[in-house]
Amino acid sequence: MARKSRFLKLLSDRIVDNLISKGYVIADDPESFKDKVYQILHEDQQIERELEEEAERIIQENAEEVMYRGVSIHKARKLIKEKLAQEKGIPVIGGIFTREKASYLAGKILKLILTDEEFDYTEERGIIRNEIVRSFEEVAKIRKEIDQSVREKIASHSRPIYEGTPEWTALYTKYYEEELIERGLIEREEE
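In terms of my numbering, the sequence shown opens at residue 72 and continues consecutively.
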């Protein structure tokens, strides 16, 4: 499982565990609940990835136009993604841990809770939605802490290792996984 999907799993687990432990939601099968929440998160990530790829393709096809207009590639990519999302009726784009995206996905998860017969809820919708958003914030904080720790480990090497190099990327991936295991967020994979 890739790092991103591990975090989606961590996020879906955290959302469900928080809702159930606080008694806000009652689930016949908590694992099924986690799977359904994960699916919502994964589908959204897939849509984002497709928008990114399509925007990249459009930029490549129109590179001369972008350069002629003096627009940075980053800004062009953002504008194209926004336009594509608007055309496809996708209300919110951006990283999964932005406040807007968390709120949007919390609404989708709340809709699942309200409409799926496997789940019952004991609190008002707003309280449940806020708890889901808080779960996003918790996992975002964990990601930030891990990222900072990994960067410090790489920086502590006796010789400089520059970000963006294959060596830096390999170390980042290795240390990131080690941090996840040390924190008990994932289990060591069997060899």
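Here a beta-carbon is modelled for each residue, glycine too, at the ideal position from N, C-alpha and C.
Can you look up D191 in the DSSP assignment and give me helix, strand or coil? The three-state reading of DSSP puts D191 in strand, counting E and B together.
In this structure, how does DSSP classify I232 when only helix, strand and coil are distinguished? coil
If the criterion is Cβ atoms closer than 8 angstroms, does the pair Y246 and I232 meet it? If you check the CB distance, Y246 and I232 do not come in under 8 angstroms.
Please go through the same chain and pick out, in chain order, the residues whose beta-carbon is closer than 6 angstroms to the beta-carbon of I217, but skip the five residues on each side of it. Answer for I217: E250, listed in chain order.
How long is the line joining the alpha carbons of S21 and R196, rounded to whole angstroms? This structure gives no information on residue 21, because the portion of the chain shown stretches from 72 to 262.
Taking the CB atoms as reference points, tell me whether V108 and I199 lie closer together than 8 angstroms. no
C-alpha distance - Y243 paired with T193, whole-angstrom precision: Roughly 42 angstroms between the two C-alpha positions.
Taking the straight line between their C-alpha atoms, what separation do you get for I118 and R254? 30 angstroms
Residue range of the beta strand (DSSP E) that includes V142: No beta strand (DSSP E) contains V142, which DSSP labels as neither H nor E.
Count the C-beta pairs between the region 171 to 187 and the region 137 to 151 that are closer than 8 angstroms, then say yes if the count reaches three, no if not. no
Spell out the partners DSSP gives V221 in its beta bridges. For V221, DSSP records no beta bridge to any residue.
Mind checking who V96 pairs with in its DSSP beta bridge? Y192
Would you say R85 and S206 are within 8 angstroms of each other, going by their C-beta atoms? yes
What does a CB cutoff of less than 7 angstroms around E153 pick up in its chain, not counting 5 residues either side in sequence? I164
Proximity to I161 [Cα-Cα], best of R170, F168, E121, R128: E121
Boundaries of the alpha helix (DSSP H) in which R259 is found, first to last residue: Where R259 is concerned, there is no enclosing alpha helix (DSSP H), given that its DSSP letter is neither H nor E.
Measure the alpha-carbon distance for K159 versus A126 and round it to whole angstroms. 13 angstroms
Near I252, what residues of its chain come up, given a Cβ to Cβ distance below 8 angstroms and the 5 sequence neighbours on each side ignored? E258, R259
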